[in-house]
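Scroll down for the structure; my scribbles are underneath it.
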Amino acid sequence: MKKMYIVRYCGGSYDDWYEANVFVTDKKTTATKYVTKFNKMLKKWKAHYKQFERKELGMTWIKDEYVEQHFNRWNSLRNINNCYWNEIEFR
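To convert, note that position 18 of the sequence shown is 3 in our numbering; the numbers rise steadily by one, no gaps.
Next comes the structure, spelled out in structure tokens:
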């Protein structure tokens, strides 16, 4: 049996949950490196966009003055949970 690794990321919550396939490789090291780099960059960008947030009534939302400039990127980053790989086998 040959092993392959599907690199994917997931996002959303409850009704809008999704998983996206990024690529498939036969090298576990390639998959691991990509996942590590993706999650590291995701953490960095989420931390950067936190400066545009406000917490009110138990909810986190973007500040009104940044809606037009940063909402799309902030919202898409907010929805991504993490990247990971799955191992599959085939003949």
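For each residue, glycine too, the CB sits at the ideal point set by N, CA and C. What you are looking at is a predicted structure, and each value in this text was computed from that prediction instead of being measured.
Query                                                                                                                                                                      : Result
Nearest to residue 67 by CA position, among 22, -13, 14 and -11, is which residue?                                                                                         : 22
Just to confirm my understanding: we take residue 71, look at its own chain, exclude 5 residues before and 5 after, and list those with CB closer than 6 Å. What are they? : -9
Please identify the residue among 30, -12, 54 and 43 whose C-alpha is closest to the C-alpha of residue 63.                                                                : 30
Compare the beta carbon distance of residue -6 and residue 7 with 9 Å and say whether it is the shorter of the two.                                                        : yes
Between which two residues does the alpha helix (DSSP H) harbouring residue 58 extend?                                                                                     : 52 to 64
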